[in-house]
Amino acid sequence: MFRRLFSQQSTLLRKTVHSKTLAAFPKALAPTVLQITMSKCSEIPALQQANAFSTTSALERNFPVSKIENYDSSTYKTLAFYKFHPLTKPELEALKEKLLADFGELGIVGRIYISTEGINAQIACPEECLPKLQVYHDEYLKPMFDGDLMDLNIGTEHGKRSFRALHVRIRKQLIADGLDPSTYDLTNVPSHLSPAEWHEKLTTYEEKHGKKPILIDMRNHYESKIGFFDGAICPDADTYKDSITAMNDICDNLPRDQEIFMYCTGGIRCTKAGAILQSASGFDTVHLVEGGITSYGRWIEEQKDKESLFRGKNFTFDARMGEKITDELLGKCQLCGEPCNRYQNCSHASCNILMLCCPSCSSQFLNTCARLQCYDTVHEFMDSTKEHYHPAGPVLVDGVRAFTKQGEKNMDATSNRVVIGKKGVSCDHEHTRRTRAIEVLGEPGEVLKEWAKAGRDLPPKHMNDINAQ
Ligand SMILES: [Zn+2]
Ligand SMILES: [Zn+2]
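Numbering-wise, full-length UniProt numbering puts 283 at position 283 of the sequence shown, and it's gapless, one number per residue.
Written out as structure tokens, the structure is:
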């Protein structure tokens with residue numbers, strides 16, 4: 001017998017923050033903007049009650065620390081900021097606690113990485129709290145980063161919350177480059193061009209220099225598959241380490257006074273890569289677009305007389321999985337082969353393959369990769385246990401982990417997907433790198449032959465979804 005019991009109570013599991021944490025920031029403007037709150041004792045009996053059930057239980061690892069219940073989920077804005085700046089280990093611990101408490105209070109969700117290298121934040125903030133976040137950023141965070149923390153880089157497409165919860169993680173490096181950090185100098189900062197300067201320089205380069213600019217996409221292959229700057233070299237990279245290797249190969253034989261242009265989503269990857277190219281390889285000038293594709297996209301949207309040099313969609317690492325810059329669909333649906341720029345992960349959690357999949361195929365195959373083992377598992381589980389899904393987080397039903405994952409651009413009820421996997425089971429593909437859809441599913445359309453071979457009819461198409469496209 002199952003019951004739905006797992007809602008906001010789990011917020012009580014949130015760590016309380018003691019005032020001594022703040023002492024680690026002597027100069028900090030101790031919460032002028034925010035008040036840190038403690039759990040209310042009156043709510044505890046409800047939590048104990050929830051724990052009394054064993055067949056269906058909430059998974060604690062996803063308990064929210066953010067007070068999202070106080071805010072309207074449809075008003076969230078997605079944004080990012082970062083800074084390379086040395087932090088000590090004690091500073092990191094204190095900063096983690098402080099960000100969890102203060103951002104949690106503002107209902108902010110997202111992923112924040114901090115390391116002795118600095119900070120990298122990708123978050124979503126309720127619109128009504130943006131002014132408070134701006135003050136917090138300017139008056140508290142910026143001084144900690146010597147006054148030049150990147151400004152809040154607000155995305156171009158917004159919908160409901162683009163992250164499920166708030167995570168602050170301490171990492172060895174902000175982005176893993178595979179190099180010995182003593183071989184390069186992060187203070188050798190590359191040239192940061194405004195989107196207008198970037199556009200102007202790239203547009204006039206050939207005319208001025210008689211050759212095309214060296215323009216490198218510093219992102220992974222699946223990101224550049226759905227969008228890129230015209231004329232860019234897009235390395236077939238699985239990781240940032242691969243991008244760095246490709247960058248070094250591309251630049252190896254070039255004269256050191258050759259200008260290099262590079263870009264990534266928000267700028268952090270190029271800030272590091274550019275510093276490496278300038279300090280370790282001796283290049284005079286590496287240009288990047290300040291705020292990356294995100295800020296270029298925001299700028300070009302306002303230009304009535306200019307055509308975008310970026311084509312397609314800017315892949316993002318949140319539930320939206322991208323922001324449209326132009327209407328071009330540069331990828332292909334892995335199932336039907338039609339033009340498509342929509343990514344999904346197979347909803348069978350032990351598969352989880354990242355693939356391009358059009359809305360029609362996604363709905364027809366229940367957000368799976370359409371392999372029989374994935375479709376059948378998800379279909380069967382959805383049929384028998386649908387009533388147990390809870391938007392507040394994962395539940396366990398007889399040892400099977402299931403949750404509705406808010407997905408897609410607008411994060412409305414119809415775009416939620418159900419993710420299913422046995423407890424403790426992780427992706428069944430190779431873990432040393434991200435397995436590509438094409439290796440598991442073959443060329444677009446090939447996976448559907450499995451169905452014919454097994455003598456199975458394809459699942460019915462959902463007319464509503466087709467009409468909605
Ligand atoms: Zn399709
Ligand atoms: Zn699958």
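Beta carbons are placed, not taken as given, at the ideal position from N, Cα and C, and that holds for glycine.
**Message:** One question on the structure: do T368 and C346 come within less than 7 angstroms of each other, judged by their Cβ atoms?
**Reply:** Cβ atoms of T368 and C346: closer than 7 angstroms.
**Request:** In angstroms with no decimal places, state the Cα-to-Cα distance between A165 and T377.
**Result:** The straight-line gap from Cα to Cα measures roughly 27 angstroms.
**Item:** By C-beta, the residues closer than 7 angstroms to any heavy atom of ligand 2, given in chain order
**Value:** Those residues, listed in chain order, are C346, H348, C351, I353, T368, C369, R371, C374.
**Prompt:** By Cβ distance, which residues of its chain are closer than 6 angstroms to F25, with the 5 residues on each side in sequence left out?
**Reply:** Unreliable positioning characterises F25 in this predicted model, as indicated by a pLDDT of 33, which lies under 50. A coordinate reading is not provided.
**Message:** When you compare the region 147-160 with the region 102-111, are there three or more beta-carbon pairs, one atom per stretch, that lie closer than 8 angstroms?
**Reply:** Here the region 147-160 does not lie against the region 102-111, with fewer than 3 beta-carbon pairs under 8 angstroms apart.
**Message:** I'd like the list of long-range same chain contacts for Y343, defined as Cβ closer than 8 angstroms, with 5 residues on each side in sequence excluded.
**Reply:** Closer than 8 angstroms at the Cβ level, and outside the excluded window around Y343, lie Y222, I226, F315, M321, G322, L354, M355, L356, C357.
**Item:** Neighbourhood of L92 by C-beta, 6 angstroms cutoff - its chain only, sequence neighbours within 5 removed
**Value:** Counting only Cβ-Cβ distances below 6 angstroms, and skipping sequence neighbours, we find I114, I170.
**Item:** Q253: first and last residue of the uninterrupted beta strand (DSSP E) it sits in
**Value:** It should be pointed out that residue 253 corresponds to Asn in this sequence rather than to Gln. It is not in any beta strand (DSSP E) - N253 carries neither H nor E in the DSSP assignment.
**Asked** Between the C-alpha atoms of A246 and R436, what's the straight-line distance to the nearest angstrom?
**Response** Straight-line Cα distance between these residues: approximately 19 angstroms.
**Request:** Determine the burial state of L99: buried for a count of at least 16 other Cβ atoms within 10 Å of its Cβ, exposed for fewer.
**Result:** Answer is buried; the Cβ neighbour count reaches 16.
**Message:** Rounded to the nearest angstrom, what separates D252 and L288 at their Cα positions?
**Reply:** Taking the straight line joining both Cα atoms gives about 19 angstroms.
**Prompt:** Can you find at least 3 beta carbon pairs, one from the region 112-128 and one from the region 78-96, that sit closer than 8 angstroms?
**Reply:** Proximity of the region 112-128 to the region 78-96 meets the contact definition, three or more beta-carbon pairs being nearer than 8 angstroms.
**Neighbourhood of I175 by C-beta, 7 angstroms cutoff - its chain only, sequence neighbours within 5 removed** = Excluding residues up to 5 positions away in sequence, Y240, I268, R269, K272 lie with their Cβ nearer than 7 angstroms to the Cβ of I175 in the same chain.
**Message:** Tell me which residues share the same chain as K212 and place their Cβ nearer than 8 angstroms to its Cβ, disregarding the 5 neighbours each side in the sequence.
**Reply:** The beta carbon of K212 sits closer than 8 angstroms to those of Y205, E206, G231, all from its chain and outside the five residues before and after it, given in chain order.
**Request:** Determine the DSSP secondary structure at S191, reduced to helix, strand or coil.
**Result:** It is a strand residue.
**Which of helix, strand or coil DSSP assigns to E446** = It is helical.
**Item:** Local Cβ density within 10 Å of N70, reported as buried at 16 or more and exposed below that
**Value:** Flag for N70 reads exposed.
**Prompt:** What are the start and end residues of each continuous alpha helix (DSSP H) run of 4 or more residues lying completely inside the region 268-348, in chain order?
**Reply:** Qualifying alpha helix (DSSP H) stretches, in chain order: 268-279, 292-302.
**Request:** Count the other C-beta atoms from every protein chain shown that fall within 10 angstroms of the C-beta of L254, then say buried if there are 16 or more, exposed otherwise.
**Result:** Burial call: exposed.
**Message:** Between which two residues does the alpha helix (DSSP H) holding Y140 run?
**Reply:** No alpha helix (DSSP H) holds Y140; DSSP gives it neither H nor E.
**Asked** Would you say C264 and G282 are within 7 angstroms of each other, going by their C-beta atoms?
**Response** Cβ distance not < 7 angstroms, so C264 and G282 don't count as in contact.
**Item:** ligand 1 heavy atom lying under 6 angstroms from the CB of E117
**Value:** Within the chosen limit of 6 angstroms, ligand 1 does not reach the beta carbon of E117 with any heavy atom.
**Asked** What distance in whole Å lies between the Cβ atoms of K461 and Q334, which are believed to be in contact at a cut-off of 8 angstroms?
**Response** Contact between Q334 and K461 is ruled out by a C-beta separation of about 17 angstroms, above the 8 angstroms threshold.
**Request:** Would you please verify whether the beta carbon of D457 is less than 7 angstroms from any beta carbon of chain B?
**Result:** Here there is only one protein chain, and chain B is not present.
**Message:** Less than 6 angstroms between C-beta atoms, sequence neighbours within five positions excluded: which residues of the same chain meet that for I214?
**Reply:** These residues qualify, in order along the chain: I260.
**Asked** For K453, does the three-state DSSP call read helix, strand or coil?
**Response** Of the three classes helix, strand and coil, the one that applies to K453 here is helix, per DSSP.
**Prompt:** Residues in its own chain within less than 7 angstroms of K313 by CB, not counting five upstream and five downstream?
**Reply:** Excluding sequence neighbours, K313 sits near I226, G227, G322, E323, K324, I325, N341.
**Prompt:** Any idea which residues DSSP pairs P126 with across the strands?
**Reply:** DSSP output for P126 lists Y76 as bridge partner(s).
**Prompt:** Between E338 and ligand 1, is the CB less than 6 angstroms from at least one heavy atom?
**Reply:** Yes, ligand 1 has a heavy atom inside 6 angstroms of this Cβ.
**Asked** Rounded to a whole number of angstroms, what is the C-alpha to C-alpha distance between F229 and Q373?
**Response** Cα to Cα, the separation comes out at about 38 angstroms.
**Item:** Cα-Cα separation, H158 to A454
**Value:** Approximately 42 angstroms, taken between the alpha carbons.
**Prompt:** What are the start and end residues of each continuous beta strand (DSSP E) run of 3 or more residues lying completely inside the region 164-252, in chain order?
**Reply:** Residue ranges of uninterrupted beta strand (DSSP E) with 3 or more members, entirely inside the region 164-252 and ordered along the chain, are 166-170, 191-193, 214-217, 227-229.
**Asked** Hey, how far is the Cα of I276 from the Cα of S224?
**Response** Near 22 angstroms, if we compare the C-alpha coordinates of S224 and I276.
**Request:** Please find out if some non-hydrogen atom of ligand 1 comes closer than 6 angstroms to the beta-carbon of C358.
**Result:** Yes, the beta carbon of C358 sits closer than 6 angstroms to at least one heavy atom of ligand 1.
**Request:** Using 10 angstroms around the beta-carbon of S182, count the other beta-carbons present and answer buried if the total reaches 16, otherwise exposed.
**Result:** With fewer than 16 Cβ atoms within 10 Å of its Cβ, S182 is classed as exposed.
**Prompt:** What three-state label does DSSP hand D151 in the structure shown?
**Reply:** It is coil, neither helix nor strand.
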